[in-house]
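This report concerns only the one structure given below.
Residue numbers (the numbering used here): 644 to 867.
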């Protein structure tokens with residue numbers, strides 16, 4: 644039975660309009676994103692299949708494209724719709740972080756970096772540039788590496804900070820392995836960056852390591 648044959652009170656779009664998006668199940672939200680099902684399978688059934696295979700919405704959105712397309716009913720168009728949903732969330736958090744009057748708490752930046760870096764297949768090193776009142780001037784990815792490491796050049800980080808006229812910096816990188824614990828190399832890099840940035844009077848406020856849903860803060864551990 645297709646969704647159009649369901650009672651109106653049970654259809655995901657009608658439920659969203661009546662009750663709000665928060666009232667919908669994960670499968671119903673995915674069904675609305677997918678738009679339509681296939682012959683013999685509704686969009687809700689496809690959503691449930693995705694959840695069974697990947698274990699949750701975050702894992703679906705960060706799964707490799709070919710793995711998602713292996714699910715019956717998922718072709719290039721529907722994969723593009725899921726990728727667009729993830730990118731909308733990333734841009735929303737980036738705008739929230741950039742529009743905050745000041746980073747009195749780094750929650751918005753932390754959430755953005757988690758969404759931007761978690762699930763990436765390769766290591767990525769990103770920086771958040773701030774003025775002396777901790778207002779965000781810009782966010783950008785500076786380096787991309789392999790499955791296990793990224794070559795970060797402190798000189799380029801300093802040049803980027805000067806280009807943004809930044810007074811302070813937060814940096815972050817991901818661990819595709821899923822292990823959030825910073826390595827000895829991560830700590831050495833952080834110390835090197837802190838010293839290099841201090842030469843141009845730019846403060847390094849934090850270094851986040853993102854692994855899946857976990858984020859480790861160097862500042863919270865007293866390493867900065």
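By construction, the Cβ of each residue, glycine as well, lies at the ideal position given by its N, Cα and C atoms.
In this text the structure is predicted, and so the values were computed from the model without any measurement.
So which of 856, 811, 860 has the shortest CA-CA distance to residue 842? Against the chain shown, residue 842 aligns to sequence position 199. Of 856, 811, 860, the residue nearest in Cα terms is 811.
Counting only the same chain and skipping the five closest in sequence on each side, list residues whose C-beta sits under 8 Å from that of residue 678. Numbered from its first residue, the chain shown carries residue 678 at position 35. Only 686, 721, 724 meet the Cβ criterion.
Taking residue 773 as the reference, give the member of 674, 845, 700 with the closest Cα. Numbered from 1 along the chain shown, position 130 holds the residue referred to as residue 773. Of the candidates 674, 845, 700, the one whose C-alpha sits nearest the C-alpha of residue 773 is 845.
Over the uninterrupted alpha helix (DSSP H) stretch that includes residue 768, give me the two end residues. Position 125 of the chain shown, counted from the start, is the residue given in the question as residue 768. Segment 767-773 is the beta strand (DSSP E) holding residue 768; no alpha helix (DSSP H) there.
Quick check on the DSSP output: the beta strand (DSSP E) that includes residue 762 runs from which residue to which? The residue given as residue 762 occupies position 119 in the chain shown. It is not in any beta strand (DSSP E) - residue 762 carries neither H nor E in the DSSP assignment.
Tell me the DSSP bridge mates of residue 646? In the chain shown, the residue the question calls residue 646 occupies position 3. In the DSSP output, where bridge partners are listed per residue, residue 646 has none listed.
What are the start and end residues of the beta strand (DSSP E) that includes residue 859? On the chain shown, residue 859 is found 216 positions in, with the first residue counted as 1. Residues 857-860.
Alpha-carbon to alpha-carbon, residue 824 and residue 863: The sequence position of residue 863 within the chain shown is 220, counting from 1. The sequence position of residue 824 within the chain shown is 181, counting from 1. Cα to Cα, the separation comes out at about 13 Å.
Pull up the CB-CB distance for residue 816 and residue 861, whole angstroms please, since I reckon it's below 8 Å. For this step, residue 816 is matched to residue 173 along the chain shown. For this step, residue 861 is matched to residue 218 along the chain shown. Their Cβ separation, rounded to whole angstroms, is 11 Å, which puts residue 816 and residue 861 out of contact at 8 Å.
How many Å lie between residue 856 and residue 704 at the Cα? On the chain shown, position 213 is the one that residue 856 refers to. On the chain shown, position 61 is the one that residue 704 refers to. Each residue's alpha carbon lies about 13 Å from the other.
Whole-angstrom distance between residue 714 and residue 693, CA atom to CA atom: On the chain shown, residue 693 is found 50 positions in, with the first residue counted as 1. On the chain shown, residue 714 is found 71 positions in, with the first residue counted as 1. The alpha-carbon atoms of residue 693 and residue 714 are separated by roughly 7 Å.
Can you tell me which of 690, 752, 676 puts its alpha carbon nearest to the alpha carbon of residue 777? Taking the first residue of the chain shown as 1, we reach residue 777 at position 134. The residue with the shortest Cα to Cα distance from residue 777 is 752.
With respect to the beta strand (DSSP E) encompassing residue 592, which residues constitute its N-terminal and C-terminal limits? The structure shown does not extend to residue 592, since the chain is modelled only from 644 to 867, so the question has no answer here.
Contacts around residue 732, its chain only, beta-carbon distance under 7 Å, and the 5 residues preceding and following it disregarded: By 1-based counting over the chain shown, the position of residue 732 is 89. Contacts found: 758.
Is the distance from the Cβ of residue 801 to the Cβ of residue 839 below 7 Å? By one-based count along the chain shown, residue 801 stands at place 158. By one-based count along the chain shown, residue 839 stands at place 196. The answer is yes: Cβ separation under 7 Å.
Run the proximity test for residue 698: is its beta-carbon closer than 6 Å to any non-hydrogen atom belonging to the ligand HEM? In terms of ligand content, the structure shown is empty, and the ligand HEM therefore cannot be addressed.
Find out if the Cβ-Cβ distance for the pair residue 651, residue 674 is shorter than 7 Å. Taking the first residue of the chain shown as 1, we reach residue 651 at position 8. Taking the first residue of the chain shown as 1, we reach residue 674 at position 31. The answer is no: Cβ separation not under 7 Å.
Use the C-beta contact count for residue 682: other C-beta atoms within 10 angstroms, 16 or more gives buried, fewer gives exposed. For the purposes of this step, residue 682 is identified with residue 39 of the chain shown, where counting begins at 1. The residue in question, residue 682, is exposed, as its Cβ has fewer than 16 Cβ neighbours within 10 Å.
Contacts around residue 775, its chain only, beta-carbon distance under 6 Å, and the 5 residues preceding and following it disregarded: Here residue 775 corresponds to residue number 132 of the chain shown, with the count starting at 1. Result list for residue 775: 810, in chain order.
Does the beta-carbon of residue 835 have 16 or more other beta-carbons within 10 angstroms, so that it is buried, or is it exposed? Within the chain shown, numbered from 1, the residue matching residue 835 stands at position 192. Exposed, by the Cβ-count rule.
Between the CA atoms of residue 696 and residue 794 - distance to the nearest angstrom: Counted from its first residue, the chain shown places residue 794 at position 151. Counted from its first residue, the chain shown places residue 696 at position 53. Rounded to whole angstroms, residue 794 to residue 696 spans 34 Å at the Cα level.
Range of the contiguous beta strand (DSSP E) that encloses residue 852: For this step, residue 852 is matched to residue 209 along the chain shown. Unbroken beta strand (DSSP E) run through residue 852: 846-854.
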